[in-house]
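Trainee: Could you have a look at this structure, given as structure tokens, before my questions?
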Amino acid sequence: MTIRTIGTAKLFHVFMMFVLAGLLSVASAEDWMDYGDAMVPEGTQKVTFIELGANRCLPCRMMQPILKTLEERYPQDLKVVFIDVWKENGEIAGKKYQLRSIPTQIFYNAQGEEIFRHEGFFAQKQIEDLLKKQGVTQ
Numbered sequence: 338m339t340i341r342t343i344g345t346a347k348l349f350h351v352f353m354m355f356v357l358a359g360l361l362s363v364a365s366a367e368d369w370m371d372y373g374d375a376m377v378p379e380g381t382q383k384v385t386f387i388e389l390g391a392n393r394c395l396p397c398r399m400m401q402p403i404l405k406t407l408e409e410r411y412p413q414d415l416k417v418v419f420i421d422v423w424k425e426n427g428e429i430a431g432k433k434y435q436l437r438s439i440p441t442q443i444f445y446n447a448q449g450e451e452i453f454r455h456e457g458f459f460a461q462k463q464i465e466d467l468l469k470k471q472g473v474t475q
């Protein structure tokens, strides 16, 4: 490997660090919904969508605009909750919900029974298909 090749490789790594830093700053912390210690809902008369994630998790950040859109689109039939599991009391929620990875989405029917669980990024269209099966409509 020549000196020129080593210099190019270092330059590439520095460039990639800046790109990744930019991606991580896409959504600022103040844009996030956080309902802290929310636990399993008890007969809310609404379908409840709980996302367990973290401010510093890139897939979790990618989910945030979807959560906001769903909350705005279905205010009568859907309760959306985000719990940051990397915050002070997040470990409690992680244990309560038997968290294995983030983001994790958990859906409860209006009676408070868990009806669906998903790990990882979850596309809005797929979420809306699931909600329609539960009677959540615009």
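In terms of my numbering, the sequence shown opens at residue 338 and continues consecutively.
C-beta: ideal position from N, C-alpha, C; glycine also.
1. Work out the CA separation of Asp421 and Cys394 for me, nearest whole Å.
2. Drop a sphere of 10 angstroms on the beta-carbon of Gln382, count the other beta-carbons inside from all chains shown, and report buried for 16 or more, exposed for fewer.
3. Classify Phe458 as helix, strand or coil using the three-state DSSP reduction.
4. Roughly how many angstroms lie between the CA atoms of Leu467 and Gln435, to the nearest whole one?
5. Which term fits Ile551, buried or exposed, when burial requires 16 or more other beta carbons within 10 angstroms of its beta carbon?
6. Could you spell out where the beta strand (DSSP E) holding Lys416 opens and where it closes?
7. Alpha carbon to alpha carbon, how far is Thr441 from Val473?
Mentor: A quick look at the data gives this:
1. By one-based count along the sequence shown, residue 394 stands at place 57. By one-based count along the sequence shown, residue 421 stands at place 84. Rounded to the nearest angstrom, the gap between the Cα atoms of Cys394 and Asp421 is 10 Å.
2. Taking the first residue of the sequence shown as 1, we reach residue 382 at position 45. Exposed is the label assigned to Gln382, since fewer than 16 other Cβ atoms lie within 10 Å of its Cβ.
3. Start at 1 with the first residue of the sequence shown, and residue 458 comes out as number 121. Coil at Phe458, not helix or strand.
4. Taking the first residue of the sequence shown as position 1, residue 467 is located at position 130. Taking the first residue of the sequence shown as position 1, residue 435 is located at position 98. So the two alpha carbons sit approximately 22 Å from each other.
5. As displayed, the chain neither begins before 338 nor continues past 475, which places residue 551 out of reach and without an answer.
6. Locating residue 416 in the sequence shown gives position 79, counting from the first residue. That run of the beta strand (DSSP E) goes Leu415 to Asp421.
7. Against the sequence shown, residue 441 aligns to sequence position 104. Against the sequence shown, residue 473 aligns to sequence position 136. If I take the Cα positions, the gap works out to 20 Å.
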